[in-house]
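Residues in the sequence shown are numbered from 0 upward in steps of one, following numbering that gives the first Met the number 0. C-beta: ideal position from N, C-alpha, C; glycine also. Worksheet for the structure shown next.
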Amino acid sequence: MAQEQITEQLLERMTTEQRNERSTNIDEASTLEILTIMNGEDKTVPYAVERQLPSIAALVEDIVSSFKCGGRLFYIGSGTSGRLGVLDASECPPTFGV
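This is the structure:
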């Protein structure tokens, strides 16, 4: 299977890459409707994070173990995600001493 096909299959399964039915015609909505949609979606974030807390905790513990052994953490992203990664990474040395 070609790498492109594998990538396409992975993207098809990622929730973050799916269409959001609640915002299908957001371009035709009023300002208030757009803000209401965005606010409603923002409200789903804490629950989504809560469901993943065990996985997040395990990841943090693995990262800490890696740091203790001289390992590193790589931030990967593009656009806004990449810029936020750079900002977050710049806070690690003064905050955590790593």
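ask   = Once you ignore the five residues that flank Ser-22 on each side, which residues in its own chain have a CB closer than 6 Å to its CB?
value = Ile-36
*Between which two residues does the alpha helix (DSSP H) carrying Gly-39 extend?*
30 to 41
**Rounded C-alpha distance that separates Glu-16 from Gly-78** = 16 Å
Just verifying my parser: in three-state terms, what is the DSSP assignment at Leu-72?
coil
### Query
What is the rounded straight-line gap between the Cα of Lys-42 and the Cα of Ser-54?
21 Å
Length of the line joining the Cα atoms of Leu-72 and Ser-29: 42 Å
task: Could you round the C-beta distance between Gly-76 and Gly-84 to whole angstroms and report it? I think they count as a contact, below 8 Å.
output: 5 Å
- Message: What does the alpha-carbon distance come out to for the pair Gly-96 and Leu-31?
- Response: 44 Å
Exercise. Whole angstroms is fine: what's the gap from Arg-18's alpha carbon to Leu-86's?
Key: 29 Å
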